[in-house]
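Residue numbering for the sequence shown follows the working numbering, beginning at 29 and increasing consecutively.
C-beta atoms are modelled at their ideal positions from N, C-alpha and C, and glycine is treated no differently.
Being a predicted model, the structure only gives us computed values, none of them experimental.
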Amino acid sequence: MKTFKLDHLTVLQSKLRQTHHDVRRAVSRYWFQAALFSIAGYGISSRELSVDLHLNAAAETVVAVQSLAPNPVNAAQTKAPVHPMNVSMLNFSTEGAAPVDRSPAASPPPTVQKSRPTGQGAATTRVNSLGELANTFQNVSFPDQDEVFEPASKRQSKRQKQLAYIQRFVDIAKTEQNKFGIPASITLAQGLLESDAGESPLSAKANNHFGIKCFSRTCGRGHCRNFTDDTHKDFFRVFPSAWESFRSHSELLQSARYRPLKKLGARNYADWAYGLSKAGYATDKKYAQKLIHLIEDLELYQYD
29 MKTFKLDHLT VLQSKLRQTH HDVRRAVSRY WFQAALFSIA GYGISSRELS
79 VDLHLNAAAE TVVAVQSLAP NPVNAAQTKA PVHPMNVSML NFSTEGAAPV
129 DRSPAASPPP TVQKSRPTGQ GAATTRVNSL GELANTFQNV SFPDQDEVFE
179 PASKRQSKRQ KQLAYIQRFV DIAKTEQNKF GIPASITLAQ GLLESDAGES
229 PLSAKANNHF GIKCFSRTCG RGHCRNFTDD THKDFFRVFP SAWESFRSHS
279 ELLQSARYRP LKKLGARNYA DWAYGLSKAG YATDKKYAQK LIHLIEDLEL
329 YQYD
């Protein structure tokens with residue numbers, strides 16, 4: 029019995045030695061292949077781990093983005109209301125402090141421009157995008173417009189220019205009255221207004237003192253010039269001299285449109301003023317009142 033146990037132990041030891049020997053021989057024989065398999069296995073396991081990590085990271089990113097995105101229902105409920113920009117949105121302090129705009133997204137306050145009187149008699153310095161203005165009306169004033177706001181020095185300067193214009197053309201106006209029956213006061217008043225006392229671009233560059241337009245279909249070179257009247261461009265006559273402009277004005281008032289005015293006589297300047305306005309000499313609704321104001325303010329009726 030003892031002998032059998034020793035034999036069995038001997039056999040096991042022999043097998044272990046044999047197995048150890050086989051393993052060493054296999055390792056020494058196939059070590060290179062084993063190394064390659066080990067490297068390949070490590071690479072595959074690393075790649076799987078990397079892919080798994082990337083997938084997990086992407087999933088976490090999607091979850092994070094979804095968590096940051098606002099809920100459409102909640103967004104609609106929490107969105108700040110849009111209010112119109114009007115005075116009801118301003119908080120006026122009772123202590124004289126400046127008004128504060130408490131609207132949700134306050135925009136810069138709109139620019140408020142002071143309105144100025146408009147019309148043919150209103151002085152204006154605006155640049156018209158359509159072209160050069162025919163008249164800027166810088167040298168004429170009227171009680172319901174510029175004279176209310178002007179300093180005395182400016183009114184005096186205008187007055188001097190108006191008187192100089194009258195002195196320059198009074199004899200021509202008298203000549204036209206004697207020849208055509210047009211009151212000299214009307215001629216001078218229209219010339220003052222339409223030419224801005226001789227300093228409008230139209231009168232200075234085209235010798236046109238009465239805003240006479242050109243309706244010729246065969247307008248030759250130097251016969252007319254383009255200026256802006258009110259809000260649109262028009263062709264205006266160009267004259268070699270101021271005197272020819274006065275004569276053309278007299279001839280214009282002999283046309284059928286203005287012929288009924290001759291019945292008024294040469295001393296009824298008020299009816300002449302309203303008659304010119306009614307016949308459509310100018311688009312300004314206060315044209316007659318402006319002519320009458322100039323005649324009476326400068327005492328032009330003395331030349332009739």
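Do A217 and L322 have their C-beta atoms closer together than 8 Å? Taking 8 Å as the Cβ cut-off, A217 and L322 qualify as a contacting pair.
Count the other CB atoms, across all protein chains shown, that sit within 10 Å of the CB of G293; report buried if there are 16 or more and exposed otherwise. Around the beta carbon of G293, fewer than 16 other beta carbons sit within 10 angstroms, so the residue counts as exposed.
Which of helix, strand or coil does DSSP assign to R265? For R265, the secondary structure class from DSSP, reduced to helix, strand or coil, is strand.
Going by DSSP, what residues sit across from K241 in a beta bridge? K241 is bridged to F264.
Rounded C-alpha distance that separates A284 from R196: Annotation: A284 to R196 spans about 30 Å, alpha carbon to alpha carbon.
Range covered by the alpha helix (DSSP H) that runs through L220: Segment 212-223, the alpha helix (DSSP H) holding L220.
How would you label S42, buried or exposed, when you count the other beta carbons within 10 angstroms and need 16 or more for buried? So S42 counts as exposed.
Might you give, ordered along the chain, the residues of its own chain that have their beta carbon closer than 6 Å to the beta carbon of Y309, omitting 5 neighbours on each side? Around Y309: no qualifying Cβ.
I think G219 touches K290, with their Cβ atoms under 8 Å apart; what is that distance to the nearest whole Å? The beta-carbon separation of G219 and K290, rounded to 19 Å, does not stay under the 8 Å limit for a contact.
As a quick exercise: from D299, T311, T47, F264, pick the residue whose alpha carbon is nearest that of F243. The shortest C-alpha separation from F243 is found at F264.
Neighbourhood of F177 by C-beta, 6 Å cutoff - its chain only, sequence neighbours within 5 removed: Cβ neighbours of F177 within its own chain (closer than 6 Å, five residues either side excluded): none.
CB of A316 within 8 Å of CB of I214, strictly: Against a cut-off of 8 Å, the Cβ pair of I214 and A316 comes out as no contact.
From what residue to what residue does the alpha helix (DSSP H) around R287 run? Segment: none, R287 is in no alpha helix (DSSP H) and carries neither H nor E.
Under the three-state reduction of DSSP, which class applies to A150: helix, strand or coil? Annotation note: pLDDT 41 at A150 (below 50); position unreliable, coordinate value reported separately. Coil, per DSSP.
Looking at the secondary structure, which residues open and close the alpha helix (DSSP H) in which R196 lies? From DSSP, the alpha helix (DSSP H) with R196 extends over 180-208.
Going by alpha carbons, who is nearest to R295 out of S305, L328, W271, Q282? Of all alpha-carbon atoms in S305, L328, W271, Q282, the one lying nearest the alpha-carbon of R295 is that of L328.
In this structure, does DSSP put F65 in helix, strand or coil? Residue state, collapsed to three classes: helix.
Check each candidate in A232, D299, E279 and name the one with the smallest Cα separation from A269. Residue 269 is actually Ser in this sequence, not Ala. Minimum Cα distance to S269 is reached at A232.
Candidates N167, E222, I194, P171: which alpha carbon is nearest S185's? The shortest Cα separation from S185 among N167, E222, I194, P171 belongs to N167.
Whole-angstrom C-beta distance between Y297 and P211, which should lie under 8 Å: Right, the Cβ-Cβ distance comes to about 5 Å (below 8 Å), so this counts as a contact.
Whole-angstrom Cβ separation of V198 and Y286, contact assumed at under 8 Å? The pair is not a contact, with the Cβ atoms about 22 Å apart (cut-off 8 Å).
Under 8 Å between C-beta atoms of F274 and A234: Not in contact: F274 and A234 (Cβ atoms no closer than 8 Å).
Go ahead and pull the three-state DSSP assignment for Q166. When secondary structure is reduced to three states using DSSP, Q166 falls in the coil class, being assigned neither helix nor strand.
Is I240 near S278, with beta carbons less than 8 Å apart? Taking a C-beta distance under 8 Å as the contact criterion, I240 and S278 do not qualify as a contact pair.
Is K318 helix, strand or coil by DSSP? In the three-state scheme derived from DSSP, where H, G and I count as helix and E and B as strand, K318 is classed as helix.
Identify which residue in K207, N206, A201 has its Cα closest to the Cα of F238. The candidate whose alpha carbon is nearest that of F238 is A201.
With 16 other Cβ atoms within 10 Å as the buried cut-off, status of K207: Taking every protein chain shown into account, the CB of K207 has fewer than 16 other CB atoms within 10 angstroms, so this residue is exposed.
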